[in-house]
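Peer 1:
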Amino acid sequence: MHRSHALGACHQGAAIEGLCLTNDTLTTPARPYTTFYHNVSSQSGNTVNADNTLGVLGWHLTLGALRVPSAMNFDYDPGSNLATPVIMPGQSRYEPVAFEAGTNHMYIPVKQNDQVSPPEPYLPPLKLKNWFNCLTRYSYTYETLAWKVGMTGEPQNPTCTAVEVHRVWV
Numbered sequence: 001m002h003r004s005h006a007l008g009a010c011h012q013g014a015a016i017e018g019l020c021l022t023n024d025t026l027t028t029p030a031r032p033y034t035t036f037y038h039n040v041s042s043q044s045g046n047t048v049n050a051d052n053t054l055g056v057l058g059w060h061l062t063l064g065a066l067r068v069p070s071a072m073n074f075d076y077d078p079g080s081n082l083a084t085p086v087i088m089p090g091q092s093r094y095e096p097v098a099f100e101a102g103t104n105h106m107y108i109p110v111k112q113n114d115q116v117s118p119p120e121p122y123l124p125p126l127k128l129k130n131w132f133n134c135l136t137r138y139s140y141t142y143e144t145l146a147w148k149v150g151m152t153g154e155p156q157n158p159t160c161t162a163v164e165v166h167r168v169w170v
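Put into structure tokens, the structure is as follows:
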């Protein structure tokens, strides 16, 4: 992430978290709010922790003694070219992500090129890494991870800085 800092779950509403930049670095011991999980389906023949495998970016919301599995999905605003990743209880709604072999960078695969007519498939799918750190507002104003929608152009939010998000094993 930005300057080798960790992302952490930050309160955005009732049982809703954002992905905020923290002061924790790669040398800071993992904490519950900076520990996320990449859940993949074994029914699809996927290997646990496999590179380039789509899965759910999960986190456990702790409510007393109860741990509630939660998943990252995107909140879209039609007036913006940014989507805000939010983490909500359950795993029925999620944005699938994968981690690139060698770099462990988080990406979302893009299967279709609609910048040409007629649209054509990307074979293999393109590994899109449109991650930015921006001042955003979901319920509260925070510096959070954001996703720039589309293949071209810059975020219209003037506070955004491009970042690479990578997985670190704990």
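Per the UniProt record's numbering, residue 1 is the first one in the sequence shown, and the count goes up by one each step.
Yeah, the Cβ is synthetic: ideal placement off N, Cα and C, and Gly gets one too.
1. Can at least three beta-carbon pairs, one atom from the stretch 107-116 and one from the stretch 31-39, be found at a separation below 8 Å?
2. With respect to the beta strand (DSSP E) encompassing W131, which residues constitute its N-terminal and C-terminal limits?
3. In chain order, which beta strand (DSSP E) runs of at least 3 residues are fully inside the stretch 95-129?
4. Give the range of the beta strand (DSSP E) segment to which T22 is assigned.
5. Mind listing, in chain order, the continuous beta strand (DSSP E) runs of no fewer than 3 residues lying wholly within the stretch 57-102?
6. How would you label V116, buried or exposed, when you count the other beta carbons within 10 angstroms and need 16 or more for buried?
7. My output table needs one value for T152: the three-state DSSP class, helix, strand or coil.
8. One question on the structure: do P69 and G90 come within less than 9 Å of each other, judged by their Cβ atoms?
Peer 2: Taking the structure as given:
1. By the Cβ test, the stretch 107-116 is not in contact with the stretch 31-39, since fewer than three Cβ pairs between them sit closer than 8 Å.
2. Residues 131-137.
3. Entirely contained in the stretch 95-129, the beta strand (DSSP E) runs reaching 3 residues are, in chain order, 106-113, 120-128.
4. 16-25
5. Secondary structure remark: continuous beta strand (DSSP E) runs of at least 3 residues inside the stretch 57-102, in chain order: 66-76, 82-89.
6. exposed
7. coil
8. Inclusion of P69 and G90 in the CB contact set at 9 Å is warranted, their separation being smaller than that value.
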